[in-house]
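Below is one structure, written out as structure tokens, with a few remarks after it.
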Amino acid sequence: MEDILPSVNSIFKALGDPVRVRIVEMLSLNGEMCVCKIMEELSMTQPAVSHHLATL
């Protein structure tokens, strides 16, 4: 049980941001998406979207 706690913590931390939750939602609905489409949908810059994707 203690072995999985760090993984569970990481998942909840990543999903603790509403933008990242929205990205996960978009990907689950649309499948694979290019960063440019995510940028457009969220009105965010490429570095900001890339940061969120790297966290996920």
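Under our numbering, the first residue of the sequence shown is numbered 1151, with each subsequent residue one higher.
Glycine included, C-beta positions come from ideal geometry on N, C-alpha and C.
For residue i, is the classification buried or exposed, using 16 other Cβ atoms within 10 angstroms of its Cβ as the cut-off for buried?
i	result
Ile1161	exposed
Val1185	exposed
Ile1173	buried
Leaving aside the five residues before and after residue i along the sequence, list all residues of the same chain whose C-beta is less than 7 Å from its C-beta, in chain order.
i	result
Leu1177	Met1183
Ile1188	Ile1173, Met1176, Val1199
Asn1159	none
Gly1181	none
By Cβ distance below 8 Å, which residues in the same chain neighbour residue i in space, the five residues on each side in sequence not counted?
i	result
Ala1164	Arg1170, Thr1205, Leu1206
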